[in-house]
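*Asks:*
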Amino acid sequence: MKSRMGGLIVSVGIVLILCVFHTGFAGEKAVQDKDASKKMNVSRYDETARGINAPMYAYYAEQIKKKTGITKGVCLDVGSGGGYMGLALAKITDLDFIFLDISADALEKAKLHIVEDGLQKRAKTLLADVHSIPLSDGSINLVISRGSIPFWKDPAKALKEIYRVLAPGGKAYVGGGRGTPEVRAQVEAKRKELGMEPQFGPKPRKDSNDKGPGRIPQRNYEEILKNTGIVNYTMNRGDDGMWIQIWK
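Numbering (our numbering), first residue to last: 31 to 278.
1. Roughly how many whole angstroms lie between the Cα atoms of A79 and K139?
2. Under 9 Å between the Cβ atoms of K97 and Q275?
3. On the three-pair Cβ rule with 8 Å, is the segment 162–172 touching the segment 131–145?
4. Does DSSP put V195 in a helix, in a strand, or in coil?
5. 9 Å is my cut-off, CB to CB: does A188 come that close to chain B?
6. Do three or more CB pairs link the segment 109–116 to the segment 167–187 at distances below 8 Å?
7. Using three-state DSSP, classify G207 as helix, strand or coil.
8. Just verifying my parser: in three-state terms, what is the DSSP assignment at K278?
9. Would you kindly work out how many angstroms separate the C-alpha atoms of E191 and K154, rounded to a whole number?
10. Where does the unbroken beta strand (DSSP E) through L119 begin, and where does it stop?
11. Nearest CA to the CA of K278: which residue from L149, G148, S73 and N171?
12. Which residue spans inside the segment 122–166 form an unbroken beta strand (DSSP E) run of at least 3?
13. Are G209 and G271 closer than 9 Å when you measure CB to CB?
14. Does DSSP put N266 in a helix, a strand or coil?
15. Along the beta strand (DSSP E) that carries R176, what are the first and last residues, could you check?
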């Protein structure tokens with residue numbers, strides 16, 4: 031009887047060990063699959079940004095150069111992702127660049143593009159948060175950012191950080207958009223040519239609910255700017271998006 035009980039206990043123990051092992055392995059695999067999916071998404075976005083969407087970044091680079099007049103010194107690209115905005119600006123200026131992002135995967139892409147574009151002596155990456163920029167006061171001549179501002183948890187704090195790192199005479203050009211109607215048409219034509227789905231869908235209704243998972247919050251940036259205490263700024267909404275200019 032004791033022998034049978036001992037065998038039963040051993041069998042149950044083995045089953046439990048196998049279940050725990052299987053569960054742990056499944057959990058680890060789920061994490062790995064999630065990480066792999068995230069990296070795949072970064073790669074897909076990167077391919078589009080460097081290819082089909084290149085005219086959009088070229089357009090904004092020209093706008094930044096024209097409206098800020100800054101072509102030398104150090105430029106900080108906030109929420110840079112793979113560095114697309116800064117890389118486009120590097121082609122038409124003599125600026126040096128710091129690509130700042132909280133995503134290590136995105137910055138790995140930026141590092142590759144720095145080499146591809148021959149900018150090893152002019153550009154570097156910085157893994158950091160816009161809400162706490164690890165740079166000295168007055169160390170940056172130009173701050174740029176396209177498309178990251180809607181994702182800032184505290185826009186007022188982030189904008190004050192941007193203002194802090196600006197050197198006297200420095201300027202910031204941050205906001206979001208997808209180019210002019212002409213640029214968007216050019217991008218859509220290329221997508222259609224390649225058999226891809228349209229990128230630019232209809233605009234959300236004004237009465238639509240912006241709350242919930244995956245929804246970008248609609249913010250009053252004019253009010254946010256007033257609360258920062260920053261005096262020198264303009265904010266414009268036009269066919270090419272919403273853009274904030276700050277100067278010191």
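Yeah, the Cβ is synthetic: ideal placement off N, Cα and C, and Gly gets one too. Nothing here was measured: the structure is a model prediction, and the numbers come from that model.
*Replies:* On the basis of the data shown:
1. Within the sequence shown, the letter at position 49 stands for residue 79. Within the sequence shown, the letter at position 109 stands for residue 139. Whole-angstrom Cα-Cα distance: 11 Å.
2. Numbered from its first residue, the sequence shown carries residue 97 at position 67. Numbered from its first residue, the sequence shown carries residue 275 at position 245. In this structure, Q275 lies closer than 9 Å to K97 by Cβ.
3. Too few Cβ pairs lie closer than 8 Å, so no.
4. Position 165 of the sequence shown, counted from the start, is the residue given in the question as residue 195. Three-state result, V195: helix.
5. The chain inventory of the structure shown lacks chain B, comprising one protein chain alone.
6. Between the segment 109–116 and the segment 167–187 there are three or more inter-stretch CB-CB distances shorter than 8 Å, so the stretches are counted as touching.
7. Taking the first residue of the sequence shown as 1, we reach residue 207 at position 177. Of the three classes helix, strand and coil, the one that applies to G207 here is coil, per DSSP.
8. By one-based count along the sequence shown, residue 278 stands at place 248. Coil.
9. The sequence position of residue 191 within the sequence shown is 161, counting from 1. The sequence position of residue 154 within the sequence shown is 124, counting from 1. If I take the Cα positions, the gap works out to 20 Å.
10. If you number the sequence shown from 1, residue 119 lands on position 89. Looking at the DSSP string, L119 is not in any beta strand (DSSP E); the run it does join, the alpha helix (DSSP H), is Y114 to A120.
11. As a working note, residue 278 is residue 248 in the sequence shown. For K278, the nearest C-alpha among the options comes from N171.
12. Complete beta strand (DSSP E) runs here, min 3: 126–131 and 153–157.
13. The count along the sequence shown starts at 1 and reaches residue 209 at position 179. The count along the sequence shown starts at 1 and reaches residue 271 at position 241. In terms of Cβ geometry, G209 and G271 form a close pair [threshold 9 Å].
14. As a first step, residue 266 must be located in the sequence shown, where it is residue number 236. In the three-state scheme derived from DSSP, where H, G and I count as helix and E and B as strand, N266 is classed as strand.
15. Within the sequence shown, the letter at position 146 stands for residue 176. Counting along the chain, the unbroken beta strand (DSSP E) around R176 starts and ends at I170 to R176.
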